[in-house]
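Chains as they are written, first to last, in numbering that gives the first Met the number 0: chain U, 0 to 349; chain E, 0 to 349; chain P, 0 to 329; chain R, 0 to 329.
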Amino acid sequence: MTTGAPKSTTERTPTRNSAIERNFALTDEQLLEMYGKMLLIRGMEERLGADRAAGNLPGGVHLYIGQEAVAVGVCANLEDQDWITSTHRGHGHFLAKGGDPNAMMAEIWGKKTGICRGMGGSMHVADVSKGMLGANGIVGGGLAIAAGAAFGAKLEKKGRVAVAFFGDGAANQGVFMETLNISTVWGLPLIFLCENNLYGEFTPSRTVTAGNLVDRAKAFGIPCTVVDGNDVEEVWKATAVAVERARAGAGPTYVEAKTYRFRGHMEAERELLAGGKYREQEEIDEWRKRDPIDLLKRRLEASGRIKVQTLKEIERRAAYRVAQAAAFAEAGEPADPDLSADLMFADHKA
Amino acid sequence: MTTGAPKSTTERTPTRNSAIERNFALTDEQLLEMYGKMLLIRGMEERLGADRAAGNLPGGVHLYIGQEAVAVGVCANLEDQDWITSTHRGHGHFLAKGGDPNAMMAEIWGKKTGICRGMGGSMHVADVSKGMLGANGIVGGGLAIAAGAAFGAKLEKKGRVAVAFFGDGAANQGVFMETLNISTVWGLPLIFLCENNLYGEFTPSRTVTAGNLVDRAKAFGIPCTVVDGNDVEEVWKATAVAVERARAGAGPTYVEAKTYRFRGHMEAERELLAGGKYREQEEIDEWRKRDPIDLLKRRLEASGRIKVQTLKEIERRAAYRVAQAAAFAEAGEPADPDLSADLMFADHKA
Amino acid sequence: MARKRYIQAVNEALFEEMERDPKVILFGEDVELAIFADTRGLLDRFGRDRIRNTPICEATLTGMAVGAAASGYRVVLHMMFANFVYTGFDAIANQMAKLRLMTGGQMNLPITIIAGYGGGRSSAAQHSDTPYPLLMNLGGINVLTPASPADAKGLLKQAIRGHDPSFFLEASGRGAEMGDVPEGDYTIPFGSASILQEGSDITIVAIGTMVRHALAAAKQLSEWGVSAEIIDPRTLVPLDETSIIRSVEKTGRLIAVDEARDRCSAASHIAAIVADGAFHALKAPIKRITVPNVAMPYAPNAERQIHPNPDKISVAAMNMLGRQIEARPS
Amino acid sequence: MARKRYIQAVNEALFEEMERDPKVILFGEDVELAIFADTRGLLDRFGRDRIRNTPICEATLTGMAVGAAASGYRVVLHMMFANFVYTGFDAIANQMAKLRLMTGGQMNLPITIIAGYGGGRSSAAQHSDTPYPLLMNLGGINVLTPASPADAKGLLKQAIRGHDPSFFLEASGRGAEMGDVPEGDYTIPFGSASILQEGSDITIVAIGTMVRHALAAAKQLSEWGVSAEIIDPRTLVPLDETSIIRSVEKTGRLIAVDEARDRCSAASHIAAIVADGAFHALKAPIKRITVPNVAMPYAPNAERQIHPNPDKISVAAMNMLGRQIEARPS
Ligand SMILES: Cc1ncc(C[n+]2csc(CCOP(=O)(O)OP(=O)(O)O)c2C)c(N)n1
Ligand SMILES: Cc1ncc(C[n+]2csc(CCOP(=O)(O)OP(=O)(O)O)c2C)c(N)n1
Ligand SMILES: [Mg+2]
Ligand SMILES: [Mg+2]
């Protein structure tokens, strides 16, 4: 399911194959680490879904359930100093990049202890200290921000890279083409990470998208890879190559992860649509059979190298971490209602 | 210099080859008509250059000199009921689409007798009755307007088509990709007419553009043609095919005309740049050898079918038409200074 | 007359106008399943030629609205949340608002853009903006802020039948509010404010969602012996300056209540108009009750803190009248 | 002190700040050859890492400014004409103006956006807008309107050294105007208006290009025996409300002169502030001299008709003072 980069590009980037060589094998530790992260994201999201249903959250949430392999597979290649920009579906990216579950949960609860002090909420979780420049309420809004961070990284010459997560729907925004162009011309250390989950809100991508998204990136002559987004190892490998290229100064790469969201576009979607339908239950069931977490778990079990207790212990720890985060959020004080005027500007009060 | 459309597309459009067949030959009348139009545009532009230098024009002008074959070759395939959108370099498009030289000249002089009553000026010449929806001061601004007109045309089912003229610089604006996508998905009767004159203002395209522009359009699976923009027959042929497809309901086509502007980005460019340079005189001289008007004239002379006096007569008439337009403009009353408040809204005063 | 929800009134107006004129077309992101329910059912009735989902590409959608309108259609463009108007702002500010003048009047642009605006639901900064001050300053664009189901129906039908670009701004999250809606062919001319309550002590001009707060405040005030006149401009472009000035000439006092950020708000402009046109009648400083110059915070308490509410209005009114009362805890 | 052209002052400020701090970078369309001459020479001195031409893609340039600033650089983005700000408006209104709040203060965004604004040169509607009312309403963005070469230098240096997004708005076509400019390290704190002329009869607040007209009007007025106080806010965000209010408390009269369209203009907001804060000192209606709510026409006479000028100001002042004079033909 992987399409290679155009010849010319491969030539421009000798590091590529060696990279694949060296990065090919993931250690068991790495795989177990990823397993734990995916479980953490899943657990946090399920808890948020329940909290939303229970009326505990002031705002809405867009859950990432089903796409965990993408965020985790990508961010396993990144350091804290590397940048990512995210989307309205950003909890998974936040956690995969090393963001604190407590602070994220508290943020979504609107608490003073939230990572954004309760000012941002679900669609704006950010942790700049971890290189997470923020979820984004504007579809496509993260692309140019990531390109700007990549420009900074290039000037700085410390080998930092930037990853822009965006969806198949965002790929129809003009900034996608604009950032492909400028990042290619300027040779920016930027990875275009398209999470193609087949839908934008309630619109099937194929009904609003011409051709294959990957061809749009190929037109700029950069390496492009399409991977199974539910296979964390595939995602990790493709990103490893892209990150290596970026660090080596060889410019941007496009990586498309084919994946699927199991939940609605947002929680309480059914009530919102009042019986309206945009996909079939069969489709959801089919994809659930390829749940990225189950896939990895089965693979680990099949390997024979991992003890059952080891997995159980990881699952237990993830569940505990989620409970901890929820407790922390619930216990937090409400946000400071007078804060906004102080935060608008660094140099003066709004 | 012509790249065919992707196979799949050709299949989608059986009309294509037959179209080429039928449209291949231009009659002498048609060629002479085009010759006259190109001379008219050239003459009007040279006159505007002189008027600008003489301080007769209130505002600046971006001249089309050197690109006449594109506007004329394209518009020869269009009826008044077809739509075009233009650019900041729009005088040629206006005239090629059948706009009145007097009214255009008067507009640029800021007169009441101007096509836009003196309210628009050079960058906004429009004649809706001729399907000319306007020059545009916003780079890329015409693309979506043309797509909208094409959408209207499709709903109307009268075989109207829309042509969006835009430059190589505009092709880096995201609306280019957005309109390619939506017009392909919706099968709009739209022709993307890229006038690639190698520069955007004082920036060589290659320094800000990744890959070949045509590949951006190919990514959407529509037919794409790149032609010699200084050869009016080539331009006409490529557009004839595209227009035929559009009228037949087969959707959009991308046509790229490689051409060159002989004058500066705008008049008085030299003073503006104070010695700054962005291209070599040799390059200009090289292109001047391929002046689209000379090319056609030599071809007509070589054909042996056209009398010298015939050409002379056409040249005389064009020159006369220009003089007429200039006289009309100069004689016109100043614009009505109170008009603006009446024009902002159709239904009430501003 | 029948009691209807705000969103039903909008939906009804769309049905009626699309029935009435085959040249009316509607497009936008997810208008088919209708995330706000306002376009629900239109697809089944009118088919995809006249209503359809678009790709996510606001910059092109606003430009296409211009082109489709120029080519003879009456375009309704649904932009979902008002913040996304910024994403498609170029064709609004540079084309839609200027083309009629630039072409010397050659073009009419019958375009109605629907968008949900305003805060109060913890939707955070990128889904809570109140953009009408920006739109008002552009010129060339009508700005409608219907506060009731009836006004929603009447103004939307008027906009769709008109010949100019209009923004129809629905208050987000208020679609369920009920009100009496005239049946059938009901339109409201632009530029005619409605005086919702007559009064003699103070004029309160309120916009959109703020109208409800102003009416609540008026009730409080009447209990406290203050007679407030409540005016809803209903359209900000064109603006019924005469009704506002006439009212202040009667009451001598003005509070302008606006959900927009204060700086260059509609409230500021209304205050400026009155400070010029009704100056000699003024008995007290003109007060503005607006949102401070901040982005909308997420936390409910922070949002509540900065939002106008009935108590803020009634307290301001009492202070203007020189009567001291304790503000109830809001 | 040395006499310099406005554009030289801007150019000098850019040179000095780029010398001073290697983290300052500048990009935009055609900044290398410098269509406005303000960035001329920077490339030779600082090289392409720090100053470079971009493709034409405003939507991305404004977003990249945010990303580059978040990653530790001080970004100067040149957007040429202010109308193109609309093309890149999404990242300005939805990201730049809101990110600091949305992230709970995790980000500083030291971004300076340079753009030429205003009419008067027959550049027509798409090259003549005066966008500061829109920017003022966004919140989160400083808005600078330097009227003199000295202010241009001092405010630009302050903006580049600051930690927040700022719009530096140059009056288009006025780059050749001369003025005394302090040498070297000269900065002007934001939010401090300059009182260009003291007076006792009337306060005239003028913005950007209008300052020159106000000073000319003041001369006329003094000949007619009227003493006008001229105030240039210099920055509209933050706005020095105190200086304006104090002045009106002294003179009792206000004219706000603004090149923006009238509706929700800076003039409207200043009038609103005074109608509240200096109400009891007011002796006459507050007048606004602005551009009507139209797109800028091309024809010079039509443009002249709607543009503020010294005569419009002085005549308005005389009328406010109840003295009849004939307006000179402008
Ligand atoms: C500029 C903008 N337009 C529209 C929306 C409304 N919206 C929110 S999510 C979404 C769909 C995005 O689809 P995709 O990029 O595929 O992300 P996914 O939801 O599938 O993760 C839309 C249209 C928005 N938030 N911003
Ligand atoms: C949105 C926008 N950005 C920038 C400009 C300034 N500008 C005017 S023409 C031009 C170059 C356009 O290049 P191209 O599209 O190739 O057209 P050409 O001038 O070569 O005919 C630029 C950057 C503009 N008018 N509009
Ligand atoms: Mg998707
Ligand atoms: Mg060009």
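Quick reminder that beta carbons are idealized off the backbone N, C-alpha and C, glycines included.
Could you tell me whether any Cβ in chain P is nearer than 8 Å to the Cβ of U:V138?
Position 139 of the first sequence holds residue 138 of chain U. It does; some Cβ of chain P falls within 8 Å.
Which same chain residues, not among the five before or five after P:R4, have their C-beta less than 7 Å away from its C-beta?
Your numbering for residue 4 of chain P matches position 5 in the third sequence. Same-chain partners within the cutoff: P148, G174, A175, E176 and M177.
Hey, does R:I91 have any beta-carbon neighbour from chain E nearer than 8 Å?
One-based indexing of the fourth sequence puts residue 91 of chain R at position 92. So no, R:I91 is outside the interface.
For R:L253, collect the residues of the same chain with a Cβ closer than 6 Å to its Cβ; drop the 5 residues on either side in sequence, then sort them by chain order.
Walking along the fourth sequence from the start, residue 253 of chain R turns up at place 254. If we look at R:L253 and ignore the five residues flanking it on each side, its Cβ neighbours are T202, V247, V273 and I285.
Taking only three categories from DSSP, how would you classify U:H92?
For the purposes of this step, residue 92 of chain U is taken as residue 93 along the first sequence, with counting starting at 1. It is helical.
Give a single yes or no on whether U:H87 has its beta carbon closer than 7 Å to a heavy atom of ligand 1.
In the first sequence, residue 87 of chain U corresponds to position 88, counting from 1. Yes, the Cβ of U:H87 comes within 7 Å of a heavy atom of ligand 1.
Just verifying my parser: in three-state terms, what is the DSSP assignment at E:A245?
Taking the second sequence and counting its residues from 1, the one referred to as residue 245 of chain E is at position 246. If DSSP states are grouped into helix, strand and coil, E:A245 belongs with the helices.
Look at the Cβ atom of R:G207, then the Cβ atom of R:T144, and state whether they are nearer than 8 Å.
If you number the fourth sequence from 1, residue 207 of chain R lands on position 208. If you number the fourth sequence from 1, residue 144 of chain R lands on position 145. Taking 8 Å as the Cβ cut-off, R:G207 and R:T144 qualify as a contacting pair.
So does the segment 119 to 133 of chain U actually touch the segment 76 to 96 of chain U, counting three or more Cβ pairs closer than 8 Å?
yes
Relative to the C-alpha of E:A24, which residue among E:V240, E:M176 and E:T202 is closest?
Start at 1 with the first residue of the second sequence, and residue 24 of chain E comes out as number 25. Of the candidates E:V240, E:M176 and E:T202, the one whose C-alpha sits nearest the C-alpha of E:A24 is E:V240.
What's the C-alpha gap between U:R15 and U:Q29?
Locating residue 15 of chain U in the first sequence gives position 16, where the first residue counts as 1. Locating residue 29 of chain U in the first sequence gives position 30, where the first residue counts as 1. Confidence at U:R15 is low in this model, with a pLDDT of 40, below 50, so its placement is unreliable and the value that follows should be read with caution. Straight-line Cα distance between these residues: approximately 22 Å.
Using a Cβ cut-off of 9 Å, pull out every chain U residue sitting near P:Q304, in sequence order please.
In the third sequence, the residue the question calls residue 304 of chain P occupies position 305. Result: P336, D337 and S339.
Nearest to E:T252 by CA position, among E:G220, E:I283, E:F93 and E:E279, is which residue?
Looking up residue 252 of chain E in the second sequence gives position 253. For the residues E:G220, E:I283, E:F93 and E:E279, the minimum Cα distance to E:T252 belongs to E:G220.
Residue span of the alpha helix (DSSP H) that contains U:L187, given as start and end
The residue you call residue 187 of chain U lines up with position 188 of the first sequence. That residue, U:L187, is in no alpha helix (DSSP H); it is neither H nor E in DSSP.
Note down, in chain order, every chain R residue with its Cβ under 9 Å from the Cβ of U:N180.
Working through the first sequence from its first residue, we reach residue 180 of chain U at position 181. Near U:N180 (Cβ distances below 9 Å), the residues of chain R are P54, C56 and T59.
Can you list, in chain order, the residues of its chain whose CB lies under 8 Å from that of E:T8, leaving out five sequence neighbours each side?
Numbered from 1 along the second sequence, position 9 holds the residue referred to as residue 8 of chain E. Low per-residue confidence applies at E:T8: pLDDT is 31, beneath 50, and the placement is therefore not dependable, though the value from the model is reported in the following sentence. Excluding positions up to five away in sequence, the list reads G220, I221 and P222.
Below 7 Å, is the gap between the Cβ of P:N82 and the nearest heavy atom of ligand 2?
In the third sequence, counting from the first residue as 1, residue 82 of chain P sits at position 83. No, the Cβ of P:N82 stays beyond 7 Å of every heavy atom of ligand 2.
Can you check whether the CB of R:N292 is closer than 8 Å to the CB of P:R262?
By one-based count along the third sequence, residue 262 of chain P stands at place 263. By one-based count along the fourth sequence, residue 292 of chain R stands at place 293. No, Cβ-Cβ distance for P:R262 and R:N292 is not below 8 Å.
Apply the 10 Å Cβ neighbour rule to P:H268 and answer buried if 16 or more other Cβ atoms are within range, or exposed otherwise.
Working through the third sequence from its first residue, we reach residue 268 of chain P at position 269. Burial call: buried.
Contact under 8 Å by Cβ, R:L296 with R:M209:
As a position in the fourth sequence, residue 296 of chain R is number 297, starting the count at 1. As a position in the fourth sequence, residue 209 of chain R is number 210, starting the count at 1. A quick correction: the sequence has Pro, not Leu, at residue 296 of chain R. No. Outside cutoff.
My assumption, with CB atoms under 8 Å, is that U:R51 sits in contact with U:E200. Please give the rounded CB distance.
Locating residue 51 of chain U in the first sequence gives position 52, counting from the first residue. Locating residue 200 of chain U in the first sequence gives position 201, counting from the first residue. Between U:E200 and U:R51 the Cβ distance is about 17 Å, and since that is not below 8 Å, they are no contact.
Looking at the unbroken beta strand (DSSP E) that takes in R:M177, where does it start and where does it end?
Within the fourth sequence, numbered from 1, the residue matching residue 177 of chain R stands at position 178. Note, R:M177: beta strand (DSSP E), M177 to V180.
Run the proximity test for U:V138: is its beta-carbon closer than 7 Å to any non-hydrogen atom belonging to ligand 1?
As a first step, residue 138 of chain U must be located in the first sequence, where it is residue number 139. Checking the Cβ of U:V138 against ligand 1 gives yes.
Three-state secondary structure assigned by DSSP to U:K217:
For this step, residue 217 of chain U is matched to residue 218 along the first sequence. Helix.
Please tell me whether P:S122 has its Cβ less than 8 Å away from any Cβ of chain U.
For the purposes of this step, residue 122 of chain P is taken as the residue at position 123 of the third sequence. True, the Cβ-Cβ gap to chain U drops below 8 Å.
Do we get a CB-CB distance below 8 Å when we pair E:A149 with the residues of chain U?
Sequence index remark: in the second sequence, residue 149 of chain E carries index 150 (1-based). No, no contact with chain U.
In chain R, which residues lie with their C-beta within 8 Å of the C-beta of U:I144?
In the first sequence, the residue the question calls residue 144 of chain U occupies position 145. Those are G62, M63, V65, G66, A69, A90 and Q94, listed as they occur along chain R.
Identify whether U:G331 lies in helix, strand or coil by the three-state DSSP scheme.
The residue given as residue 331 of chain U occupies position 332 in the first sequence. U:G331 falls in the coil class under three-state DSSP.
Please determine, among P:F166, P:I230 and P:F80, the residue with the shortest C-alpha to C-alpha distance to P:V256.
Start at 1 with the first residue of the third sequence, and residue 256 of chain P comes out as number 257. Of the listed residues, the one whose Cα sits closest to P:V256 is P:I230.
In terms of DSSP beta bridges, what is U:W82 paired with?
Here residue 82 of chain U is taken as the residue at index 83 of the first sequence, counted from 1. Answer is U:A161, bridged to U:W82.
Please confirm whether R:V293 has its beta-carbon closer than 8 Å to some beta-carbon of chain E.
By one-based count along the fourth sequence, residue 293 of chain R stands at place 294. Cβ-Cβ to chain E under 8 Å: yes for R:V293.
Could you say which of U:L310, U:R205 and U:Q323 lies nearest to P:T53 if we only look at CA atoms?
Position 54 of the third sequence, counting from 1, holds the residue named residue 53 of chain P. The candidate whose alpha carbon is nearest that of P:T53 is U:R205.
Alpha-carbon to alpha-carbon, E:V127 and R:G153:
Position 154 of the fourth sequence holds residue 153 of chain R. Position 128 of the second sequence holds residue 127 of chain E. Roughly 48 Å between the two C-alpha positions.
Inter-stretch contact at 8 Å, needing at least 3 Cβ pairs: the segment 55 to 66 of chain U / the segment 332 to 340 of chain U
no
If we cut at 8 Å on Cβ distances, does P:P148 have a partner in chain R?
The count along the third sequence starts at 1 and reaches residue 148 of chain P at position 149. No, P:P148 lies away from the interface with chain R (no Cβ there is under 8 Å from its Cβ).
When you compare the CB of U:M343 with every CB in chain R, is at least one pair closer than 8 Å?
As a first step, residue 343 of chain U is located in the first sequence; it is residue number 344 there, counting from the start. Chain R, which has a Cβ nearer than 8 Å to the Cβ of U:M343, makes this yes.
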